[in-house]
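Colleague:
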Amino acid sequence: MQGTKIWLLGGLTALVLSGCGLLPGTERTETEEVHVGDTVSTSWFDYTITSAQSADSYQARAADEGCKLIVVELTIQNRFDEPVPMYDSDFQLYWGEYAQDQWALPLETYCSEQLPQEYSLAVGETREGALVYQVPDSACDFTLAFLEVFDNGTPEGEEGDVYLAYFTTS
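Numbering (our numbering), first residue to last: 155 to 324.
1) Opposite F304 in the DSSP bridges: which residues?
2) Beta carbon of E310: closer than 6 angstroms to some heavy atom of the ligand SAM?
3) For the structure I just gave you, are there three or more beta carbon pairs, one from the segment 212–224 and one from the segment 255–266, closer than 8 angstroms?
4) What residue from T196, L223, D235 and H189 has the CA that sits closest to T204's CA?
5) Is it buried or exposed for V226, if we count other Cβ within 10 angstroms and need 16 for buried?
6) Express the C-alpha separation of V238 and E272 in angstroms, rounding to a whole number.
7) What are the boundary residues of the beta strand (DSSP E) that includes T193?
8) Compare the beta carbon distance of A209 and L228 with 7 angstroms and say whether it is the shorter of the two.
9) D235 by DSSP, collapsed to three states: which one?
10) Have a look at G307 and D291 and give me their C-alpha separation to the nearest angstrom.
11) Where does S266 sit, in a helix, a strand or coil, going by DSSP?
12) Under the assumption that T297 contacts Y248 (Cβ atoms under 8 angstroms), give the Cβ distance between them as a whole number of angstroms.
13) Tell me the residue span of the beta strand (DSSP E) that contains L285.
14) Less than 7 angstroms separating the beta-carbons of D325 and Q231?
15) In the DSSP output, which residue or residues are listed as bridge partners for E272?
16) For T193, I'd like the list of residues in its chain whose CB is within less than 8 angstroms of its CB, leaving aside the five on either flank, ordered along the chain.
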């Protein structure tokens with residue numbers, strides 16, 4: 155069920171991003187560009203990408219052949235008046251022409267430097283950690299996306315704003 159939900163959210167995010175013109179090269183232009191070091195304020199928390207780098211390996215985990223790892227360091231602070239449930243899959247990575255196969259969820263947590271797969275961000279809590287993605291070697295321009303989904307009593311929830319942060323690696 156969790157896997158289906160993540161796949162659905164990923165596909166939904168891709169559809170929303172491309173269909174609404176929120177990705178580079180699409181018709182809508184009023185989306186503010188956010189980059190490494192900028193702070194983004196969502197309905198529940200603020201987050202900052204403190205660094206984003208490519209690597210052949212990270213904490214003893216090597217990239218598969220033909221791939222590299224993208225390590226995104228985040229600082230997240232709850233500014234909501236309740237604890238916020240968080241998932242590593244909240245942040246999806248896109249590259250290329252944003253085709254169906256040009257996005258990734260973070261790799262499963264394998265070291266203490268990574269953000270957990272699932273956690274609760276207490277009121278006022280700040281948490282720092284890495285999200286590690288595996289992407290093709292040729293990819294260098296990336297968009298980290300977060301889609302707000304509000305609980306409206308349905309399994310899908312109600313979509314809110316989409317937040318996009320752009321960065322380039324070598």
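The beta-carbon is built from N, C-alpha and C at its ideal position, and this holds for glycine as well.
Modeller: Here's the rundown:
1) Numbered from its first residue, the sequence shown carries residue 304 at position 150. Answer is E312.
2) Among the ligands in the structure shown, none appear at all, so the ligand SAM cannot be discussed.
3) Under the Cβ criterion (8 angstroms, minimum of three pairs), the segment 212–224 counts as touching the segment 255–266.
4) Residue 204 sits at position 50 when you count from the first residue of the sequence shown. Looking at T196, L223, D235 and H189, the one whose alpha-carbon comes closest to that of T204 is H189.
5) For this step, residue 226 is matched to residue 72 along the sequence shown. Buried, because 16 or more other Cβ atoms sit within 10 Å of the Cβ of V226.
6) By one-based count along the sequence shown, residue 272 stands at place 118. By one-based count along the sequence shown, residue 238 stands at place 84. Whole-angstrom Cα-Cα distance: 11 angstroms.
7) On the sequence shown, position 39 is the one that residue 193 refers to. Counting along the chain, the beta strand (DSSP E) containing T193 begins and ends at T193 to S195.
8) On the sequence shown, position 55 is the one that residue 209 refers to. On the sequence shown, position 74 is the one that residue 228 refers to. Going by C-beta atoms, A209 is not nearer than 7 angstroms to L228.
9) Taking the sequence shown and counting its residues from 1, one reaches residue 235 at position 81. Correct three-state label for D235: coil.
10) For the purposes of this step, residue 307 is taken as residue 153 along the sequence shown, with counting starting at 1. For the purposes of this step, residue 291 is taken as residue 137 along the sequence shown, with counting starting at 1. Distance between G307 and D291, taken at the CA atoms: about 41 angstroms.
11) Translated into positions along the sequence shown, residue 266 becomes position 112. Shown here, S266 sits in coil according to DSSP, grouped into three states, outside any helix or strand.
12) Within the sequence shown, residue 297 is the residue found at index 143, counting from 1. Within the sequence shown, residue 248 is the residue found at index 94, counting from 1. That belief holds up - the Cβ atoms of T297 and Y248 are roughly 4 angstroms apart, short of 8 angstroms.
13) Residue 285 sits at position 131 when you count from the first residue of the sequence shown. Note, L285: beta strand (DSSP E), T280 to P290.
14) Nothing can be reported for residue 325: it is not among the residues displayed for the chain, which extend from 155 to 324.
15) Residue mapping note: residue 272 aligns to position 118 of the sequence shown, counting from 1. Note: E272 sits in a beta bridge opposite Y241.
16) Here residue 193 refers to the residue found at position 39 of the sequence shown. Contacts found: D200, Y201 and T202.
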